[in-house]
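These notes concern the structure reproduced below.
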Amino acid sequence: MATKTYLDFEKPIIELENKITELKSMSDVVDISEEIKELEKKIDELRLDIYKNLTRWQRVQIARHPERPQTLDYIENIFEDFIELHGDRYYRDDPAIVGGIALFNKQSIVVIGHQKGRNTKSNLYRNFGMANPEGYRKAHRLMLLAEKFKKPVITFLDTPGAFPGLEAEEHGQAEAIAKNLLLMSGLRVPIIVVIIGEGASGGAIGIGIGDRILMLENAWYSVISPESCSSILWRSWDFKEQAAEALQLTAFDLKKQGIIDEIVPEPIGGAHKNHTEMFKIMKEILTKELQKLINTNPEKLVRKRREKFYKMGVWSEK
Amino acid sequence: MPWFLRSKENISETQQKEMPDGLWTKCPSCSEMIFKKELEENYFCCIKCNYHYRIGTKEYVDIILDSNTFNETNTNILSSDPLNFVDSKPYKDRLKVTYDSLGINEALTTGTGKINGEMVSFASMNFSFIGGSMGSVVGEKFYRAAKLAMDKKYPLIVITSSGGARMQEAAYSLMQMAKTSAVLSELAESGGIYITILTDPTTGGVTASYGMLGDIILAEPGALIGFAGPRVIEQTIKRKLPPGFQRAEFLLEKGFVDLIVPRNELKSTLTKVIKWFKS
Ligand SMILES: [Zn+2]
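Heads up: the sequence lines are chains B and Z, in that order. Taking our numbering, the leading residue of the first sequence gets 38, the next gets one more, and so forth. Taking our numbering, the leading residue of the second sequence gets 195, the next gets one more, and so forth.
Following this line, the structure appears as structure tokens:
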């Protein structure tokens, strides 16, 4: 599968791919199928090698890849009978967070997620996946719907942050996020959270409390983006690589820190390289995870969820 | 701010020192020269324009709690630099310098005390401690203060002032929003009383978790309260914010705080509110 966008560290792969294309154009003159085979093997090895040794900053770049599967892609490909439900019932519909009802392996569920765009136009419509308070309030009322009818909730996190805009503040961005955290801490139905791309700060955790926290291999999740962290702590935008290292924001880091439960593996070359394979992996994992939770009684579920978050943090006590 | 909207200008932390050493101080709002003793007697509010100076836990204990009733708790919980975080200087050094210069051990102080004879679980933030940022220790101390309120059936009174997250604790810092909200949901289920007092400035993760979750939310006059900081918003929308934006009076008008209470009326207001809950 040829990608339209490639990341700087993928350049050697692209060069080889271009060489194959070149060779193929001459193939009616001489037989070069052996050479092509050899090159393709080399590409696979190279990709494996590059993707085995990714730096944290490179993973951040993959997490932002414009061809990466997004919330609506997962919804369309692993659930059935999805009906999108719009609006917060107070003020407006926020396209940066989508939500609705669907069937997952014949089980009714409520699904909510941040939604980015793929091009300039759709990104403007989706506000680059940066939600306003109305988005968090839409999520809030959908979670209440789930609780009322005893349906599990699945959320997908993929945001560069809650929108830092004038109206967002006027409409109570902080209050909207806080109310979600409170609700999700006590919601009497199972909640599975999956960080699929970018999990930036309060805007991410605003739909991110759950019984099981899953995270894609090349997603990132932290309190701040490497760029902003660089700007504040290094007083320059140029230390994003160092900031990414210091923040320890990858799935592997967060598993060690006890912040996520499971790492969701991605196809070689990243989720953007093979959507079909990614959906298959996601469906298998969600099936397994939901089965574990579905019959837990609500009191136990909520107690265990709270205890899980009570344990988060590191301090010394003398 | 989102990475793709960044401008060349850096976001800077503001940690103005409002009360330099000396007998006199100049009001940051109206420039009036005030004798410090006089300022202290006036609840650290300007005698001319009523500007509310930023103060810390020690001062709020004197203003709100009955004298000699405060018992500090959780003094032995300290930050342990879980990520070995180093930016322009190591987090460990930052912590040590802060401990040594301020004599307080974290951005949140917890304890018990009395408000007009009524026992409360009391927690108060210290903006001077790394910008009142929320890390693991703030989360854990908050958790314990809330648990104590639950066990003893004391009202939980929390004074907030925070620039946001403790970046040096990265994802651990973010998780404190969840941890504090989770314990508040347990407190709420048990029928516990929770009152917040938002002071200047309260922004970021603290506002978007326990700041905005009070049964009653009070704010000091003029306090900056919001999610994103004003400079980040200006960089995003590429224009100046209107005067008064994100101030306590603005939040009251927009419907996000219950009441603005001048500092000299904090204790009497809290007394009345607690009396209502208890009667
Ligand atoms: Zn003044």
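Just so it is clear, CB atoms sit at the ideal spot from N, CA and C, and this is done for glycine as well. Since the structure is predicted, the reported quantities are computational estimates derived from the model, not experimental observations.
| request: Mind checking who residue 392 of chain Z pairs with in its DSSP beta bridge? | output: Locating residue 392 of chain Z in the second sequence gives position 198, where the first residue counts as 1. Looking at the DSSP assignment, residue 392 of chain Z forms a beta bridge with Z:354, Z:413.
| CB contact check: residue 270 of chain B to chain Z, cutoff 7 Å | On the first sequence, residue 270 of chain B is found 233 positions in, with the first residue counted as 1. Residue 270 of chain B counts as touching chain Z.
| Where residue 252 of chain B sits in the DSSP three-state scheme | In the first sequence, residue 252 of chain B corresponds to position 215, counting from 1. Reduced to three states, the DSSP call for residue 252 of chain B is strand.
| said: For a quick check, are the C-beta atoms of residue 220 of chain B and residue 180 of chain B less than 7 Å apart? | reply: The residue you call residue 220 of chain B lines up with position 183 of the first sequence. The residue you call residue 180 of chain B lines up with position 143 of the first sequence. Taking C-beta atoms as the reference points, residue 220 of chain B and residue 180 of chain B count as a pair closer than 7 Å.
| message | Using a Cβ-Cβ cutoff of less than 7 Å, which residues in the same chain neighbour residue 332 of chain Z once the five nearest sequence positions on both sides are dropped? | response | Taking the first residue of the second sequence as position 1, residue 332 of chain Z is located at position 138. In chain order, 300, 301, 302, 370 place their CB closer than 7 Å to the CB of residue 332 of chain Z, counting only its own chain and leaving out the 5 sequence neighbours on each side.
| said: Alpha carbons only, please: which of B:343, B:355, B:330, B:342 is nearest the one belonging to residue 188 of chain B? | reply: Counting from 1 along the first sequence, the entry for residue 188 of chain B is found at position 151. Per the Cα distances, B:330.
| request: Determine the chain B residues that contact residue 299 of chain Z at a beta-carbon separation under 8 Å, and present them in chain order. | output: Numbered from 1 along the second sequence, position 105 holds the residue referred to as residue 299 of chain Z. What residue 299 of chain Z touches in chain B: nothing, since even the nearest Cβ is about 11 Å away.
| query | Within this structure, are the beta carbons of residue 254 of chain Z and residue 318 of chain Z separated by less than 7 Å? | reply | Here residue 254 of chain Z corresponds to residue number 60 of the second sequence, with the count starting at 1. Here residue 318 of chain Z corresponds to residue number 124 of the second sequence, with the count starting at 1. For residue 254 of chain Z and residue 318 of chain Z, yes; Cβs fall inside 7 Å.
| said: Check for me: the beta strand (DSSP E) holding residue 352 of chain B runs from which residue to which? | reply: For the purposes of this step, residue 352 of chain B is taken as residue 315 along the first sequence, with counting starting at 1. Its beta strand (DSSP E) spans residues 352–354.
| query | Would a check of beta-carbon distances place residue 134 of chain B closer than 7 Å to chain Z? | reply | Position 97 of the first sequence holds residue 134 of chain B. Residue 134 of chain B does not count as touching chain Z.
| query | When the Cβ atoms of the region 396–415 of chain Z are set against those of the region 339–355 of chain Z, are three or more pairs found closer than 8 Å? | reply | A contact exists between the region 396–415 of chain Z and the region 339–355 of chain Z.
| field | Pocket of ligand 2 defined by Cβ to heavy atom distance under 5 Å | value | This structure simply doesn't include ligand 2; it includes ligand 1 instead.
| What whole-angstrom Cβ distance do residue 285 of chain Z and residue 275 of chain Z have, given they're in contact under 8 Å? | Within the second sequence, numbered from 1, the residue matching residue 285 of chain Z stands at position 91. Within the second sequence, numbered from 1, the residue matching residue 275 of chain Z stands at position 81. That belief holds up - the Cβ atoms of residue 285 of chain Z and residue 275 of chain Z are roughly 5 Å apart, short of 8 Å.
| query | Would you say residue 369 of chain Z faces chain B, with C-beta separation under 7 Å as the test? | reply | Numbered from its first residue, the second sequence carries residue 369 of chain Z at position 175. With 7 Å as the cut-off, residue 369 of chain Z counts as an interface residue toward chain B.
| So, do the region 359–378 of chain Z and the region 332–352 of chain B have three or more beta carbon pairs nearer to each other than 8 Å? | Yes: the two stretches touch, three or more of their Cβ pairs being nearer than 8 Å.
| field | the region 298–312 of chain B touching the region 237–251 of chain B, judged by at least three CB pairs closer than 8 Å | value | Yes, the region 298–312 of chain B touches the region 237–251 of chain B.
| Is the Cβ of residue 450 of chain Z closer than 7 Å to any Cβ of chain B? | Within the second sequence, residue 450 of chain Z is the residue found at index 256, counting from 1. Closer than 7 Å to some Cβ of chain B, the Cβ of residue 450 of chain Z qualifies, so yes.
| Through-space distance from residue 81 of chain B to residue 245 of chain B, alpha-carbon basis | Within the first sequence, numbered from 1, the residue matching residue 245 of chain B stands at position 208. Within the first sequence, numbered from 1, the residue matching residue 81 of chain B stands at position 44. Residue 245 of chain B and residue 81 of chain B: Cα-Cα distance of roughly 35 Å.
| message | Contact between the region 279–290 of chain B and the region 58–78 of chain B is defined here as three or more beta-carbon pairs at a separation below 8 Å; is this criterion met? | response | Contact between the region 279–290 of chain B and the region 58–78 of chain B is absent: fewer than three C-beta pairs spanning the two stretches fall below 8 Å.
| query | In whole angstroms, what is the alpha-carbon distance linking residue 290 of chain B and residue 318 of chain B? | reply | Residue mapping note: residue 290 of chain B aligns to position 253 of the first sequence, counting from 1. Residue mapping note: residue 318 of chain B aligns to position 281 of the first sequence, counting from 1. Those two C-alpha atoms are separated by around 21 Å.
| query | For the putative contact between residue 255 of chain B and residue 93 of chain B, defined by C-beta atoms under 8 Å, what is the C-beta separation to the nearest angstrom? | reply | As a working note, residue 255 of chain B is residue 218 in the first sequence. As a working note, residue 93 of chain B is residue 56 in the first sequence. Going by Cβ atoms, the distance from residue 255 of chain B to residue 93 of chain B rounds to 10 Å, so no, they are not a contact pair.
| said: Measuring straight from C-alpha to C-alpha, what distance separates residue 266 of chain Z and residue 123 of chain B? | reply: Residue mapping note: residue 266 of chain Z aligns to position 72 of the second sequence, counting from 1. Residue mapping note: residue 123 of chain B aligns to position 86 of the first sequence, counting from 1. Spanning the two alpha carbons is a distance of roughly 48 Å.
| query | Can you tell which of B:71, B:87, B:66, B:217 has the C-alpha that lies nearest to the C-alpha of residue 49 of chain B? | reply | Position 12 of the first sequence, counted from the first residue, corresponds to residue 49 of chain B. Checking every option, the nearest Cα to that of residue 49 of chain B belongs to B:87.
| message | When you compare the CB positions of residue 442 of chain Z and residue 415 of chain Z, do they come within less than 7 Å of one another, or not? | response | Working through the second sequence from its first residue, we reach residue 442 of chain Z at position 248. Working through the second sequence from its first residue, we reach residue 415 of chain Z at position 221. If you check the CB distance, residue 442 of chain Z and residue 415 of chain Z come in under 7 Å.
| request: Assign residue 195 of chain B to one of two classes, buried (16 or more other C-beta atoms within 10 Å of its C-beta) or exposed (fewer than that). | output: Here the question's residue 195 of chain B lines up with position 158 in the first sequence. Here residue 195 of chain B is buried, its C-beta having at least 16 other C-beta atoms within 10 Å.
| Comparing alpha-carbon positions, which option in B:159, B:153, B:174 lies nearest residue 126 of chain B? | In the first sequence, residue 126 of chain B corresponds to position 89, counting from 1. Here the closest residue by C-alpha is B:174.
| What does DSSP give as the partner residues of residue 237 of chain B in its beta bridges? | Looking up residue 237 of chain B in the first sequence gives position 200. Secondary-structure assignment with DSSP links residue 237 of chain B through a beta bridge to B:259.
| Enclosing beta strand (DSSP E) for residue 308 of chain Z [first to last residue] | On the second sequence, residue 308 of chain Z is found 114 positions in, with the first residue counted as 1. Residue 308 of chain Z -> beta strand (DSSP E) spans 302–309.
| alpha helix (DSSP H) segment containing residue 279 of chain B, residue limits | For the purposes of this step, residue 279 of chain B is taken as the residue at position 242 of the first sequence. Element bounds for residue 279 of chain B: 277–284.
| message | Give me the subset of the region 255–266 of chain B whose CB atoms are less than 8 Å from a CB atom of chain Z, sorted by chain position. | response | So the close ones are 258, 259, 260, 261, 262, 263, 264, 265, 266.
| task | Using beta-carbon positions only, say whether residue 106 of chain B and residue 308 of chain B come within less than 7 Å of one another. | result | Along the first sequence, read from residue 1 onward, the residue named residue 106 of chain B stands at position 69. Along the first sequence, read from residue 1 onward, the residue named residue 308 of chain B stands at position 271. Cβ distance < 7 Å, so residue 106 of chain B and residue 308 of chain B count as in contact.
| residue 150 of chain B - DSSP class collapsed to helix/strand/coil | Position 113 of the first sequence, counted from the first residue, corresponds to residue 150 of chain B. Of the three classes helix, strand and coil, the one that applies to residue 150 of chain B here is strand, per DSSP.
| field | Completely contained alpha helix (DSSP H) runs for the region 269–332 of chain Z, where each covers 4 or more residues | value | Scanning the region 269–332 of chain Z for uninterrupted alpha helix (DSSP H) segments of 4 residues or longer gives 285–296, listed from N- to C-terminal end.
| Got a sec: is the Cβ-Cβ distance from residue 389 of chain Z to anything in chain B below 7 Å? | What you label residue 389 of chain Z is simply residue 195 of the second sequence in a count that begins at 1. By this cut-off, residue 389 of chain Z is not an interface position.
| query | Under the rule that 16 or more other beta-carbon atoms within 10 Å means buried, what is residue 350 of chain Z, buried or exposed? | reply | Taking the first residue of the second sequence as position 1, residue 350 of chain Z is located at position 156. Here residue 350 of chain Z is buried: its Cβ has 16 or more other Cβ atoms, across all protein chains shown, within 10 Å.
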